[in-house]
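Notes for the one structure printed next.
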Amino acid sequence: MNLNDKRLGAYNKILKSSAPEPAIAAPRRPSVELPGLVKVPSSSTGGKESSFRRVAKFLLLIGVDEAAKVMAKLTPEQTEKVVLELASIRRVDKDEAAIVLAEFESLIKQAHEPSGGVETARTILEAAFGRERADEMLRKAIPNLEGKPFDYLEDIDPAKLYHIVADELPQVKAMVLSQLKPKLAAEVIKLMDPEDKHATIIRLAKLERINPDVLRRVDEAIREKVKNVNTSSADSIDGRSALAEILKRMDGSTEKAILEGLSGSDPDLGRDIRERLFTIDDILHADDKFMQEKLRPMSEHDLAVLLAGKGAEFRQKILSNVSRTRGDIILEEEQIISPVMRGESEKITSAFFALMRRAWENGEFFLAGRNEQEVWIK
945 MNLNDKRLGA YNKILKSSAP EPAIAAPRRP SVELPGLVKV PSSSTGGKES SFRRVAKFLL
1005 LIGVDEAAKV MAKLTPEQTE KVVLELASIR RVDKDEAAIV LAEFESLIKQ AHEPSGGVET
1065 ARTILEAAFG RERADEMLRK AIPNLEGKPF DYLEDIDPAK LYHIVADELP QVKAMVLSQL
1125 KPKLAAEVIK LMDPEDKHAT IIRLAKLERI NPDVLRRVDE AIREKVKNVN TSSADSIDGR
1185 SALAEILKRM DGSTEKAILE GLSGSDPDLG RDIRERLFTI DDILHADDKF MQEKLRPMSE
1245 HDLAVLLAGK GAEFRQKILS NVSRTRGDII LEEEQIISPV MRGESEKITS AFFALMRRAW
1305 ENGEFFLAGR NEQEVWIK
């Protein structure tokens, strides 16, 4: 069973266990049988946070890629409730994040309680000698008890890993990088300043043998820092942006169904999420032939305003889809009207993005990275 299945199991247990009990004198609320996962109360009672909100927080904490995989397995009723909670979350403080993660971790462990092996040995040794002594005895008896050193860094974002090791000595950085996949190590080195990069590379080149005990202690220290970073990063959350990123990673039909349900229950929220779903990055990946058709009727003035203040990649995308002569005229117009008023820039930019977004949602053009699972026929 993989990690996503375990998380889904934990999700199910949360929904089963967290609905608050009514007062003794009050009649029990009827439960609704959902076709997919679990029974949940038809409405939550006052006081405690709803189970759907706790699940939403958990999804935010595990990251958009993992959250998208979990949400894809939910029933429509569950998805609707979780989506509404996701969009409304603005903050999860450090203490609450730790509690939420610990709760789900506990549920995963309960669902897979071992009947023997290492965990049974650990339980017996802890009861007899205490936790620290038990850990020490197990490490001596079972090499790589915690798994391969730094294996928890395999899928980490390079920028996050750089942040984790930034304050470490060059020899520690070199030790960590030597245990990683070359591509990941290279990405981290790229983020270092020249002096730090030089010192780390020199240490890395001179590495020969690493004392296993030193490696273990560094591994434990970095593991703890990763846990702290994961918790602290959840301190401030934009639930709507996170929801948009989750939806981007789901298949088109599921995304469309969720957006339609969201727009039906809260039109303003649905509109906001749609706007977040279509960004400058999507324009960069838009089909060039369709882009040329949409740019053709726009005036040179509007195109100059559209370019004003944008990054080099966006400017290149627009200019590469008009003729060279027209491009020169647009750039001359941009110089003439510069600086452009923010209000005019936002108005023209929003209109252009809305036009492109509606066309993509209607299936009028291909968007690289968002349409891979669909079949296009010419």
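In this note's numbering, the protein residues as written are 945 to 1322. In this text, a Cβ means the ideal position worked out from N, Cα and C, and glycines have one as well. As the structure is a computational prediction, the values presented were derived from the model and not from experiment.
- Ranked by Cα distance from A1016, the options I1202, M1285 and E1257 are led by I1202.
- When the Cα atoms are used, I1224 and I1262 turn out to be separated by approximately 11 Å.
- In this chain, the alpha helix (DSSP H) harbouring H1107 covers P1102 to V1109.
- Apart from sequence neighbours up to five positions away, no residue of its chain approaches D1212 with a beta-carbon distance below 6 Å.
- Nearest Cα to L1128 within the set V1249, L1018, D1101 and I1154: D1101.
- L1121 and L1105 have their C-alpha atoms roughly 10 Å apart.
- Around the C-beta of M1300, 16 or more other C-beta atoms lie within 10 Å, and the residue is accordingly described as buried.
- Nearest to N1306 by alpha-carbon distance, out of V1284, A1295, G1255 and K1200, is K1200.
- Residue environment analysis places D1272 among the exposed positions, since fewer than 16 neighbouring C-beta atoms fall within 10 angstroms of its C-beta.
- For L1191, the closest of K1001, L1005, D1009 and F1002 by C-alpha to C-alpha distance is D1009.
- Residues of the same chain with a CB within less than 7 Å of the CB of R1193, apart from the 5 flanking positions on each side, are V1008, D1009 and A1012 in chain order.
- The DSSP-derived three-state label of A1230 is strand.
- In this structure R1147 touches A1118 by the C-beta definition: roughly 4 Å separates them, less than 8 Å.
- For the pair L1187 and E1204, the Cα-to-Cα distance works out to about 14 Å.
- V1026 and F996 do touch by the CB rule: their CB atoms are close to 5 Å apart, below 8 Å.
- For V1284, the closest C-alpha among the options L1239, L1251 and V1266 is that of L1251.
- If you compare the alpha carbons of K1141, R1218 and V1266 with that of V1116, the shortest gap goes to K1141.
- Residue E1164 holds the alpha-carbon nearest to the alpha-carbon of P1156 among E1308, E1164 and L1124.
- Its Cα nearest to that of I1043, the residue F1002 stands out among A1078, F1002, E1024 and E1021.
- DSSP lists A1230 as the bridge partner or partners of L1311.
- For F1297 against F1234, the beta-carbon gap comes to about 14 Å, at or over 8 Å, which does not count as contact.
- Closest option to E1152, judged by alpha-carbon separation, among A1130, Y1096 and Q1123: Q1123.
- The beta carbon of T1198 sits closer than 7 Å to the beta carbons of A1016 from its chain, once the five residues preceding and following it are set aside; these are given in chain order.
- Considering only L1135, G1074, P1114 and S1185, the residue with the shortest C-alpha distance to K1150 is P1114.
- Note on the segment 1229-1286: whole alpha helix (DSSP H) runs with a minimum of 4 residues are 1232-1239, 1244-1251, 1256-1263 and 1268-1281, in chain order.
- Relative to the Cα of D1099, the nearest Cα in the group A1078, R1075, D1111 and V1132 belongs to V1132.
- If you compare the alpha carbons of E1237, K1125 and E1076 with that of K1092, the shortest gap goes to K1125.
- G1214 carries a helical assignment under DSSP once its states are collapsed to helix, strand and coil.
- Leaving aside the five residues that flank L1004 on each side, the residues in its chain whose CB is nearer than 8 Å to its CB run, in chain order, A1011, L1030, I1033, V1036, A1178, I1181, G1183 and A1186.
- Between E1288 and V1249, the gap from beta carbon to beta carbon is short of 8 Å.
- Cβ atoms of L1311 and I1274 stay farther apart than 8 Å, at about 24 Å.
- Just so you know, the alpha carbons of N1265 and S1207 end up roughly 34 Å apart.
- When L1228, E1189 and D1111 are compared, the shortest CA-CA separation from K1254 is found for L1228.
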